[in-house]
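Participant: Numbering (this note's numbering), first residue to last: 15 to 382.
Attaching a single structure in structure tokens format; questions to follow.
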Ligand code: GTR
């Protein structure tokens, strides 16, 4: 299957400079990804949002730890959802992660009583001088609503008449990414966060969301996808044996616009592919993680998107991913030389403290 060229416009013109990329090709790519995969947001969710936030609980030395805690209700365009943030107790604003926490994880933890969290090692993050804002996805669009035709959350709020939905309308991943951007709105007004150094992170469906959030909101300095797989970092045209397909994912979930399902078993017809999503981060930082036993996410195809995205970075005189050939890829090794970081953790589909250590090592090294 031939892979759509990153540096050739739809009309066939070569893209040779940053100006060509930013004026012509990147906007085309964003349009293709919106039109055929993630959907377009309604104007109501994009303009005159006037994001505000209400801190409903604020504590220092939270639960006996050297942590500054804020429980926040964020309101944008009239829609309100919850987020919790944790910062070190320092005087200076700190680089901060926005974590897209999906419901499987959300249900496992109670941050009102404990900071123990297998998937997000809050105390390690704080001890390394980073902040973290955790956004539960249920506040934007709950998982229980899958296949329920968008009658809850932001969709019901911004577009109550579902009969008006079009095949290219936004869907769940876009809604969650929208939420991550609104959390960043709050961080820009938060005295503890350095909003110029904000990263968006997510696992699995959250990893797909983190990439789309980084592509749609260039204020994110770093976008981190953990085990994002199909419709995340996985190149459709590079999918390996046992990898998830457009048919399976669009049958199971309403995470994408309806147009995407038309490409079930017709991936070769997609006018875009996921290397374009990774390339949309250039010249900012990106990070992709895979798990060695996660054939469903097709690690080799996640790496292939990273490799192909390098051409966009090269326009800026920067390196993208610095990865060896497939045969020489090693698990549990940090590939941190380029501006797209990568590692593959040994084991199953998961996000664990080990991953966060890699993310922070990478960010320590690359941060401006
Ligand atoms: C799976 C889905 C994957 C992945 C995962 C998750 O069922 O097929 O693409 O996103 O869910 O988010 O937990």
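Built from N, CA and C at the ideal position, the CB exists for glycine as well.
1) Would you decide whether residue 262 is buried or exposed? Buried here means 16 or more other CB atoms lie within 10 Å of its CB.
2) Applying the criterion that 16 or more other CB atoms from any shown protein chain within 10 Å of the CB defines a buried residue, is residue 248 buried or exposed?
3) Rounded to whole angstroms, what's the CA-CA distance from residue 236 to residue 15? Just pull it up for me.
4) Just to confirm, is the Cβ distance from residue 26 to residue 62 under 8 Å?
5) Going along the chain, which residues of its own chain have a beta-carbon closer than 8 Å to the beta-carbon of residue 42, five neighbours each way excluded?
6) With a threshold of 6 Å on Cβ separation, who are the neighbours of residue 80 within its own chain once the five nearest residues in sequence on each side are excluded?
7) Around the C-beta of residue 64, are 16 or more other C-beta atoms found within 10 angstroms, so that it is buried, or is it exposed?
8) Please say whether residue 289 and residue 46 have beta carbons closer to each other than 8 Å?
9) Check whether the region 254-273 touches the region 336-344, taking contact to mean three or more Cβ pairs, one atom from each stretch, closer than 8 Å.
10) Whose CA, out of 197, 199, 82 and 224, lies closest to the CA of residue 141?
11) Check residue 189 in the structure and name its three-state DSSP category.
12) Quick one, which of 350, 219, 329 and 356 has its alpha-carbon nearest residue 318's?
13) Extract the residue ranges of the alpha helix (DSSP H) inside the region 317-361, only unbroken runs of 4 or more that lie entirely within it.
14) What is the DSSP secondary structure of residue 285, reduced to helix, strand or coil?
15) Using a 10 Å radius around the Cβ and a threshold of 16 neighbouring Cβ atoms, would you call residue 57 buried or exposed?
16) For residue 59, count the other beta carbons within 10 Å of its own beta carbon; 16 or more makes it buried, fewer makes it exposed. Which is it?
17) I'd like to confirm something about residue 263: is its beta-carbon nearer than 7 Å to some heavy atom of ligand 1, or not?
18) For residue 373, report the span of its alpha helix (DSSP H) as first-last.
19) Measure the alpha-carbon distance for residue 363 versus residue 211 and round it to whole angstroms.
20) Is there contact between the region 226-244 and the region 289-308, where contact requires at least three CB pairs shorter than 8 Å?
21) For residue 180, count the other beta carbons within 10 Å of its own beta carbon; 16 or more makes it buried, fewer makes it exposed. Which is it?
22) For the region 211-221 against the region 94-112, are there 3 or more C-beta pairs whose distance is under 8 Å?
23) Pop quiz: residue 191 and residue 227 are said to be a contact at Cβ under 8 Å. What is the actual Cβ separation, rounded to whole angstroms?
24) Should residue 189 and residue 155 be called a contact, given that it needs their Cβ atoms to be closer than 8 Å?
25) Would you identify the three-state DSSP class for residue 53, choosing helix, strand or coil?
26) So what does DSSP say about residue 210, is it helix, strand or coil?
27) Under a three-way DSSP split, which group does residue 98 fall into?
28) Let's test the definition: count the other Cβ atoms within 10 Å of the Cβ of residue 251 and tell me whether it reaches 16, buried, or not, exposed.
29) Quick one, which of 259, 287 and 52 has its alpha-carbon nearest residue 182's?
30) Just to confirm, are residue 300 and residue 354 a CB contact at a threshold of 8 Å?
Facilitator: This is what the structure holds:
1) Taking the chain shown and counting its residues from 1, the one referred to as residue 262 is at position 248. Result: exposed.
2) What you label residue 248 is simply residue 234 of the chain shown in a count that begins at 1. The residue in question, residue 248, is buried, as its Cβ has 16 or more Cβ neighbours within 10 Å.
3) The count along the chain shown starts at 1 and reaches residue 236 at position 222. The count along the chain shown starts at 1 and reaches residue 15 at position 1. Cα-Cα distance, rounded: 31 Å.
4) The residue you call residue 26 lines up with position 12 of the chain shown. The residue you call residue 62 lines up with position 48 of the chain shown. The answer is no: Cβ separation not under 8 Å.
5) In the chain shown, counting from the first residue as 1, residue 42 sits at position 28. Closer than 8 Å at the Cβ level, and outside the excluded window around residue 42, lie 23 and 24.
6) Residue mapping note: residue 80 aligns to position 66 of the chain shown, counting from 1. Counting only Cβ-Cβ distances below 6 Å, and skipping sequence neighbours, we find 103.
7) Looking up residue 64 in the chain shown gives position 50. The residue in question, residue 64, is exposed, as its Cβ has fewer than 16 Cβ neighbours within 10 Å.
8) What you label residue 46 is simply residue 32 of the chain shown in a count that begins at 1. What you label residue 289 is simply residue 275 of the chain shown in a count that begins at 1. No, the Cβ-Cβ distance between residue 46 and residue 289 is not below 8 Å.
9) no
10) The residue labelled residue 141 in the question sits at position 127 within the chain shown. Answer by Cα proximity: 82.
11) Working through the chain shown from its first residue, we reach residue 189 at position 175. Residue 189: helix per DSSP, three-state reduction.
12) Here residue 318 corresponds to residue number 304 of the chain shown, with the count starting at 1. Checked all of 350, 219, 329 and 356; the closest Cα to residue 318 is 356.
13) 324-329
14) Residue 285 sits at position 271 when you count from the first residue of the chain shown. Coil.
15) Translated into the one-based positions of the chain shown, residue 57 becomes position 43. Exposed: under 16 other Cβ atoms inside 10 Å.
16) Position 45 of the chain shown, counting from 1, holds the residue named residue 59. It is buried - the Cβ of residue 59 has at least 16 other Cβ atoms within 10 Å.
17) Your numbering for residue 263 matches position 249 in the chain shown. Yes, the beta carbon of residue 263 sits closer than 7 Å to at least one heavy atom of ligand 1.
18) Within the chain shown, numbered from 1, the residue matching residue 373 stands at position 359. Taken as a continuous stretch (DSSP letters only), the alpha helix (DSSP H) holding residue 373 covers 367-380.
19) Numbered from 1 along the chain shown, position 349 holds the residue referred to as residue 363. Numbered from 1 along the chain shown, position 197 holds the residue referred to as residue 211. In a straight line, the C-alpha of residue 363 is about 28 Å away from that of residue 211.
20) yes
21) The sequence position of residue 180 within the chain shown is 166, counting from 1. It is exposed - the Cβ of residue 180 has fewer than 16 other Cβ atoms within 10 Å.
22) yes
23) As a position in the chain shown, residue 191 is number 177, starting the count at 1. As a position in the chain shown, residue 227 is number 213, starting the count at 1. Contact holds; Cβ gap of about 4 Å.
24) The residue you call residue 189 lines up with position 175 of the chain shown. The residue you call residue 155 lines up with position 141 of the chain shown. Yes, these two residues count as a Cβ contact at 8 Å.
25) As a first step, residue 53 is located in the chain shown; it is residue number 39 there, counting from the start. Of the three classes helix, strand and coil, the one that applies to residue 53 here is coil, per DSSP.
26) The sequence position of residue 210 within the chain shown is 196, counting from 1. The answer is strand: DSSP assigns residue 210 an E or B state.
27) Position 84 of the chain shown, counted from the start, is the residue given in the question as residue 98. DSSP places residue 98 in strand when its eight states are reduced to three.
28) Here residue 251 is taken as the residue at index 237 of the chain shown, counted from 1. The residue is buried, with at least 16 neighbouring Cβ atoms inside 10 Å.
29) By 1-based counting over the chain shown, the position of residue 182 is 168. Of the candidates 259, 287 and 52, the one whose C-alpha sits nearest the C-alpha of residue 182 is 52.
30) For the purposes of this step, residue 300 is taken as the residue at position 286 of the chain shown. For the purposes of this step, residue 354 is taken as the residue at position 340 of the chain shown. Yes, the Cβ-Cβ distance between residue 300 and residue 354 is below 8 Å.
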